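Protein sequences, first through last, are from chains A and B. Mind the numbering: the first sequence is residues 39 to 148 in my numbering, read in order. Mind the numbering: the second sequence is residues 326 to 442 in my numbering, read in order. Glycine is no exception: its CB is placed at the ideal position from the N, C-alpha and C atoms. If you're wondering where the values come from, they're calculated on a predicted model, not measured in any experiment.
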Amino acid sequence: GQQVMQIPQYQHVQEGEDFTTYCNSSTTLSNIQWYKQRPGGHPVFLIQLVKSGEVKKQKRLTFQFGEAKKNSSLHITATQTTDVGTYFCAGARGNTPLVFGKGTRLSVIA
Amino acid sequence: DTEVTQTPKHLVMGMTNKKSLKCEQHMGHRAMYWYKQKAKKPPELMFVYSYEKLSINESVPSRFSPECPNSSLLNLHLHALQPEDSALYLCASSQDEARLASTDTQYFGPGTRLTVL
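This is how it looks when you write it as structure tokens:
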């Protein structure tokens with residue numbers, strides 16, 4: 039079945055450093071979504087990418103969807119302590135449910 | 326109102342108990358989901374309801390029984406659970422205008438943290 043791999047599993051950064059998490063699918067996706075889950079919280083939708091090669095920005099966060107629609111990345115510039123949490127990508131094909139990656143847990147050292 | 330609510334927040338139950346988890350949304354969404362999330366793991370899809378009909382059951386054991394009484398409510402009935410069923414149970418909803426379109430954004434509730442003794 040469809041698999042979505044996400045790396046790294048953990049990332050510890052100094053406040054102010056950049057952070058990137060990568061997502062790879064075994065199959066071409068119709069779209070990819072990114073969610074953030076704070077410690078003790080629930081997943082919160084960040085963004086959806088649909089088009090091949092799409093790049094979207096939200097303040098310090100940059101999201102990319104690969105040309106082949108099989109991979110995606112989330113890059114955070116100059117991390118802050120408020121960025122702490124687990125970032126999940128979730129991919130889908132057609133009308134099948136979302137498949138979540140295993141997540142990247144980000145910790146930021148002040 | 327962009328909120329999905331879930332009750333209770335925490336639940337401790339014995340293996341012989343029967344309990345129910347409740348989920349409610351008033352966003353007019355027609356798809357509702359139950360996920361199970363173990364610590365440090367991604368959410369794992371259990372059930373999907375589309376237009377109040379069960380459309381996906383991801384081979385979930387029968388000790389979990391979902392129910393969708395109306396378009397705003399989703400229940401998960403629990404009976405004879407095992408300690409390994411202890412987890413965070415998340416409810417989510419999405420618009421589902423195109424019948425489980427994967428482009429739908431899912432809105433998650435805060436979850437019920439379940440402990441089975």
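For H113/A, the nearest beta carbon of chain B is not closer than 7 Å to its own beta carbon. Around the CB of N395/B, fewer than 16 other CB atoms lie within 10 Å, so the residue is classed as exposed. A direct Cα-Cα distance of roughly 18 Å separates R131/A from F372/B. For N109/A, the uninterrupted beta strand (DSSP E) segment begins and ends at N109 to I114. Rounded to whole angstroms, the separation of the alpha carbons of S418/B and S380/B is 14 Å. By the criterion of a C-beta distance shorter than 8 Å, G79/A is surrounded in its chain by G123, once the five residues flanking it on both sides are discounted. DSSP lists no beta-bridge partner residue for V122/A. Of all C-beta pairs linking the segment 106-126 of chain A to the segment 61-77 of chain A, three or more are shorter than 8 Å, placing the two stretches in contact. The C-alpha of I114/A lies about 24 Å from the C-alpha of D429/B.
Straight-line measurement puts the Cα of L399/B at about 14 Å from the Cα of N382/B.
For T341/B, the closest alpha carbon among the candidates L415/B, L406/B, P435/B and T437/B is that of L406/B.
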